[in-house]
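For the sequence shown, numbering that gives the first Met the number 0 assigns the number 0 to the initial residue and increments by one for each residue that follows.
In this text, a Cβ means the ideal position worked out from N, Cα and C, and glycines have one as well.
Since this is a predicted model, take the numbers as computed values, not measurements.
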Amino acid sequence: MEALKIVDPSLLGLTSEQYSSLGPYLWVVGGSLLAMIFAVVPFIPARISVVCIAIASLIGAVVSAAHQITADRTDLFAGMMVSDGYSAFFNILFLATAALSILASVRYLEKQKLEYPEYYVLMLFSTFGMMLMASTLDLISIFIALEIMSLSAYVLVGFRRNDRRSNEAAMKYFILGAAASAILLYGTALLYGSTGSFLITDILARVTTKPELMTPAYHLGGWLVIVGFLFKVAAVPFHMWMPDVYEGAPTPITGFMTTGIKAASFAAFVRVFISLGYGKDIEAAIGGRLHDVLWVIALITMFFGNVIALTQTNLKRMLAYSSIANTGYLLVGMIAAPHSEAGYAPILMYLATYTVMNLGAFSILSVLSGKGDTNLNLHDLSGLARRHPWLSFAFAVFLFSMAGIPPTAGFASKYYLFYSAIQAGEIWLVVLAVLCSVIGVYYYLRVIVYMYMRENEGLEKFAVPALAAFSIAMMVAMTLQIGILPSKMIAVTKKVVAKL
């Protein structure tokens, strides 16, 4: 009888405010369905109609989500989902990521002979899954959202269906992703069996009032859920899938994954992290060692990612290991968040700036790539500054930002993150993180050296697609704007995490 109350139909009715809160999701789902219809309508070029529908639906969703950043919190579907500033912030981030990735993909797909309309439909569905991950408060709903996001990504990774590397990457991502999902789901089952609730807001409340619920099964369930998320964010030693998958995937999809999917995983991870009682008196609920374990994982993730990136000559693999290192920096923020004045705000700012600079870098790689994603090694960039001065300048801005050099967004967000960790007393971890960042400066600047100080007379000048140029210019402007005037972004992130 208790289970019947959970799905009581009377709890699923929606008010006008709740319908308004669902606006961004309805825009994306509606755009996905409409794109599938127009993909098979005769006499209308599918590649034009589907792209226009996808961009229009994403713009509509951004406008709808922007109104919710300052709106009051709205609970949906008996508390299984929420519309608040936190979810609205991430929704805008995901929608912008999808839109910019689509702009970078149009000419790329034409060049690679991959002009299939389902590419854009899958991107919309994956974006929908990301949005759900940031807004759901129910462990089963988080799992479903994760699968909506991931299943679309599995297909997109293998979209170059006649390329062996792409096929291998898709299969590897699918098998290891399914294993991580199984771990997450098993942990969810153990947490439900221990507490009688899937709602992450209820789990902490129940074990707080009834400490006897903190059984060994509860401890194991908490650890399994954390391991599942650590895989999704590619923390060492759960990172093994990322370099091969990023190298094998089409370049715009690699950018889409390294920004959108990472941000979505962290968005859900933070909510679950809080629900497990980290930073509260109940931290002992999962053994009292969570801080120490994450401290070690953050350190080895930062160190391993940066050191292995030093040895890479393929730019996609180099940025994959760089992404692993950035996961370590974000874990530093999660460790420090409950004990610092800024809370989880530095994590949101870091994810936003990370999205801008990485998406810009991969948009440039999409322009530079040849048939089958060739021409993406270090030596292929030799003399790029002479052939394409503004493209080299844009790439240099993104690389300086990744290295954390002022006055870029990367410096502002990294400084904010490390400062909050110092406030939390994690001084040694910050010192080690800064040393790891210094390692990263070398391989970022090495790319700039090839662009500006090496010559390759065999390469000719080529035209940069207008849509890709527009998206790259936007991201350069955002990278510099956030770096020079970070106060507005800091204020927004503080506001959206205030009621977490």
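Assignment of M80 by DSSP, reduced to helix, strand and coil, places it in the strand class. Per DSSP, the continuous alpha helix (DSSP H) segment holding T187 begins and ends at 163-194. The Cβ atoms of G371 and D162 lie closer than 8 Å to each other. Under the rule that a run must span 4 or more residues, the alpha helix (DSSP H) segments found entirely inside the stretch 339-399 read 344-367, 383-386. Measuring C-alpha to C-alpha distances from A319 to each of R159, M241, R453 identifies M241 as the nearest.
The DSSP-derived three-state label of D71 is coil.
Distance from the Cα of I489 is smallest, within the candidate group K413, G327, S365, for K413. Per DSSP, E16 is one residue of the alpha helix (DSSP H) stretching across 15-20. Residue pairing by DSSP places N313 opposite N376 in a beta bridge. Here K315 is not near V244, since their CB atoms are 8 Å or more apart.
When the Cα atoms are used, L92 and K261 turn out to be separated by approximately 11 Å. Around the C-beta of Y107, 16 or more other C-beta atoms lie within 10 Å, and the residue is accordingly described as buried.
Leaving aside the five residues that flank R46 on each side, the residues in its chain whose CB is nearer than 6 Å to its CB run, in chain order, E114. Contact between N90 and A64 holds, with the beta-carbon distance rounding to 4 Å and staying under 8 Å.
DSSP places T250 within a helical segment (H, G or I) once states are collapsed to three. The shortest CA-to-CA distance from A234 to any of V331, Q422, Y415, Y153 is the one to V331. Rounded to the nearest angstrom, the gap between the Cα atoms of G192 and S140 is 17 Å. Looking at A152, P388, D379, L102, the one whose alpha-carbon comes closest to that of M256 is A152.
Distance between V366 and A467, taken at the CA atoms: about 7 Å. Counting along the chain, the unbroken alpha helix (DSSP H) around T208 starts and ends at 199-208. For H218, the enclosing alpha helix (DSSP H) begins and ends at 215-231. Under the three-state reduction of DSSP output, T96 falls in the helix class. In this structure, the beta-carbon distance from S86 to S134 falls below 8 Å.
About 4 Å separates the CB atoms of T492 and L347; that is less than 8 Å, so the two are in contact.
Between the C-alpha atoms of L350 and T214 there is a straight-line separation of about 35 Å. When secondary structure is reduced to three states using DSSP, T300 falls in the helix class. Going by beta carbons, F127 and S56 fall outside the 8 Å limit. Closest option to P464, judged by alpha-carbon separation, among A103, T73, V50: A103.
When the Cα atoms are used, W222 and C435 turn out to be separated by approximately 27 Å. The stretch 474-484 and the stretch 385-404 touch, with three or more beta-carbon pairs separated by less than 8 Å.
If you ignore the 5 residues before and after Y217, its C-beta comes within less than 6 Å of the C-beta of S193, all in its own chain and listed in chain order.
Nearest to S381 by alpha-carbon distance, out of R445, V429, L416, is R445. Spatial neighbours of S419 in its own chain (CB-CB distance under 6 Å, excluding positions within 5 residues in sequence) are listed in chain order as A335, S339, A341, P345. Here the alpha carbons of A60 and G84 stand approximately 15 Å from one another. Straight through space, the alpha carbons of L293 and L416 are spaced by roughly 16 Å.
With contacts defined by Cβ atoms closer than 8 Å, E146 and G247 do not form a contacting pair.
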